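Numbering (our numbering), first residue to last: 116 to 408.
Where is the CB? At the ideal position from N, CA and C, for every residue including glycine.
For clarity, every value in this text was computed on a predicted model and none was experimentally measured.
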């Protein structure tokens, strides 16, 4: 690659980092808000209960001040507990569809893919790991306790069904996200042409493998499933690294007919503005919980 071409590639890479970096964090906070407010909160109201507020921490831990009537049925309790992951997974699928519809606007598509993955990975791994280690206060552990009654959840049919039903989408979703993100990055970085092997290595390492693996260690899974340790962090990080390694040799074809325009300064302004309007309130106001009744 010519010297000018290398400089252009580095300049484009820095621009993409400045655009995507805040979106990765903001999307985590938005996924938590969707889980607690549009999931548990609205479900509680729909089932005749109360929704008095919510709280969110900087690391992605959240909670809702929501509850059902004391004599609510087992079915109502299961629906209430499952509403959080249902809301985030549904939102992730909506963002994924929007990313496909807006595929001609590569910068917007990349942002929507980040939102989609954050929502999907807030819900699907939650189901998998809290099924693997079914202890409260995790929603899935509580659901299994309701389903199994006096029987221990470990080794039960409901646990096996949840593990299989979430494990496959967990693995497939991780690879799909990495493949789509790398396709979009490669599309804009090199003006619609394939990157050279050295460039592919560094882009995969710096854009996917390192930040993706590190993000798994930002959240303490013991808050949801006490005693599970760092197994989810290690497994999640390995899934990102392995997906990146596969993509070095086998990646999605580039869309030759699409625009290769880099994010503009307005994209950067919008991206960093979201940090102020979403992340800052979560740290300043929602850190200890907010009640509105």
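CA-CA distance, residue 253 and residue 267? Here residue 253 corresponds to residue number 138 of the chain shown, with the count starting at 1. Here residue 267 corresponds to residue number 152 of the chain shown, with the count starting at 1. Distance between the alpha carbons of residue 253 and residue 267: 16 angstroms.
What is the DSSP secondary structure of residue 166, counted as helix, strand or coil? Sequence index remark: in the chain shown, residue 166 carries index 51 (1-based). In this structure, residue 166 counts as strand in the three-state DSSP scheme.
State the DSSP-derived secondary structure class of residue 262, mapped to helix, strand or coil. Against the chain shown, residue 262 aligns to sequence position 147. Helix at residue 262.
How big is the Cα-Cα spacing for residue 199 and residue 223? As a working note, residue 199 is residue 84 in the chain shown. As a working note, residue 223 is residue 108 in the chain shown. Computed Cα separation, rounded: 26 angstroms.
Cβ separation of residue 294 and residue 328, assumed to be a contact under 8 angstroms, to the nearest whole Å: To locate residue 294, count along the chain shown from 1; it is residue 179. To locate residue 328, count along the chain shown from 1; it is residue 213. Rounded, the Cβ-Cβ distance is 17 angstroms, inconsistent with contact.
Uninterrupted beta strand (DSSP E) stretches inside the stretch 229 to 316 (no shorter than 3 residues): none
As assigned by DSSP and simplified to three states, the class of residue 171: On the chain shown, residue 171 is found 56 positions in, with the first residue counted as 1. Residue 171: strand per DSSP, three-state reduction.
So, using beta-carbon positions, are residue 324 and residue 359 closer together than 8 angstroms? As a working note, residue 324 is residue 209 in the chain shown. As a working note, residue 359 is residue 244 in the chain shown. Cβ atoms of residue 324 and residue 359: closer than 8 angstroms.
Looking at the secondary structure, which residues open and close the beta strand (DSSP E) in which residue 178 lies? Here the question's residue 178 lines up with position 63 in the chain shown. Element bounds for residue 178: 177 to 182.
For residue 378, is the classification buried or exposed, using 16 other Cβ atoms within 10 angstroms of its Cβ as the cut-off for buried? Residue numbering aside, residue 378 sits at position 263 when the chain shown is read from its first letter. So residue 378 ends up on the buried side.
Measuring alpha carbon to alpha carbon, tell me which residue in 191, 152, 407 is nearest residue 163. Position 48 of the chain shown, counted from the start, is the residue given in the question as residue 163. When only C-alpha atoms are compared, the closest one is 191.
Please name the residue or residues paired with residue 405 in a DSSP beta bridge. The residue you call residue 405 lines up with position 290 of the chain shown. Bridge partners of residue 405: 169.
Smallest Cα separation from residue 153: which of 193, 205, 317, 185? Residue numbering aside, residue 153 sits at position 38 when the chain shown is read from its first letter. If we check each option's Cα against that of residue 153, 205 comes out closest.
Which one of 277, 393, 210, 157 has the shortest CA to CA distance from residue 232? Position 117 of the chain shown, counted from the first residue, corresponds to residue 232. Residue 210 is the option with its Cα nearest to residue 232.
Beta-carbon separation (whole angstroms), residue 181 vs residue 159, contact threshold 8 angstroms: Locating residue 181 in the chain shown gives position 66, where the first residue counts as 1. Locating residue 159 in the chain shown gives position 44, where the first residue counts as 1. With 8 angstroms as the limit, residue 181 and residue 159 qualify as a contact, their Cβ atoms being about 4 angstroms apart.
Contacts around residue 175, its chain only, beta-carbon distance under 6 angstroms, and the 5 residues preceding and following it disregarded: In the chain shown, residue 175 corresponds to position 60, counting from 1. Once the five neighbours on either side are set aside, the close Cβ partners of residue 175 are 143, 147, 334.
C-beta contact flag for residue 183 and residue 195 at 8 angstroms: For the purposes of this step, residue 183 is taken as residue 68 along the chain shown, with counting starting at 1. For the purposes of this step, residue 195 is taken as residue 80 along the chain shown, with counting starting at 1. Cβ distance < 8 angstroms, so residue 183 and residue 195 count as in contact.
With the cut-off set at 8 angstroms, would you say residue 388 and residue 134 are in Cβ contact? As a position in the chain shown, residue 388 is number 273, starting the count at 1. As a position in the chain shown, residue 134 is number 19, starting the count at 1. No; because the gap between Cβ atoms is not below 8 angstroms, this pair is not in contact.
Buried or exposed for residue 308, going by 16 or more other Cβ atoms inside 10 Å? Walking along the chain shown from the start, residue 308 turns up at place 193. With fewer than 16 Cβ atoms within 10 Å of its Cβ, residue 308 is classed as exposed.
Just the C-alpha distance for residue 321 and residue 270, rounded to the nearest angstrom, thanks. Within the chain shown, the letter at position 206 stands for residue 321. Within the chain shown, the letter at position 155 stands for residue 270. Roughly 40 angstroms between the two C-alpha positions.
Kindly indicate which three-state DSSP category residue 338 falls into: helix, strand or coil? Along the chain shown, one-based indexing puts residue 338 at 223. Residue 338 falls in the helix class under three-state DSSP.
Taking 8 angstroms as the threshold (C-beta atoms), are residue 238 and residue 249 in contact? Translated into the one-based positions of the chain shown, residue 249 becomes position 134. Translated into the one-based positions of the chain shown, residue 238 becomes position 123. No, the Cβ-Cβ distance between residue 249 and residue 238 is not below 8 angstroms.
In three-state DSSP terms, what is residue 220? Indexing the chain shown from 1 puts residue 220 at position 105. Three-state DSSP puts residue 220 in coil, outside helix and strand.
Does the beta-carbon distance from residue 288 to residue 235 come in below 8 angstroms? Taking the chain shown and counting its residues from 1, the one referred to as residue 288 is at position 173. Taking the chain shown and counting its residues from 1, the one referred to as residue 235 is at position 120. Result yes, Cβ atoms of residue 288 and residue 235 sit closer than 8 angstroms.
Give the straight-line distance between the Cα atoms of residue 376 and residue 367, rounded to the nearest whole angstrom. Position 261 of the chain shown, counted from the start, is the residue given in the question as residue 376. Position 252 of the chain shown, counted from the start, is the residue given in the question as residue 367. Roughly 19 angstroms separates the two Cα atoms.
Looking only at its own chain, which residues have a Cβ that is under 7 angstroms from the Cβ of residue 126, when we skip the five neighbours before and after it? The residue you call residue 126 lines up with position 11 of the chain shown. Excluding positions up to five away in sequence, the list is empty.
Mind reading off the beta-carbon distance from residue 221 to residue 139? Whole number of angstroms is fine, and I expect it under 8 angstroms. The residue you call residue 221 lines up with position 106 of the chain shown. The residue you call residue 139 lines up with position 24 of the chain shown. Residue 221 to residue 139, Cβ: 17 angstroms. No contact.
Please name the residue, chosen from 300, 298, 193, that lies closest to residue 260 on a Cα-to-Cα basis. Counting from 1 along the chain shown, the entry for residue 260 is found at position 145. For residue 260, the nearest C-alpha among the options comes from 193.
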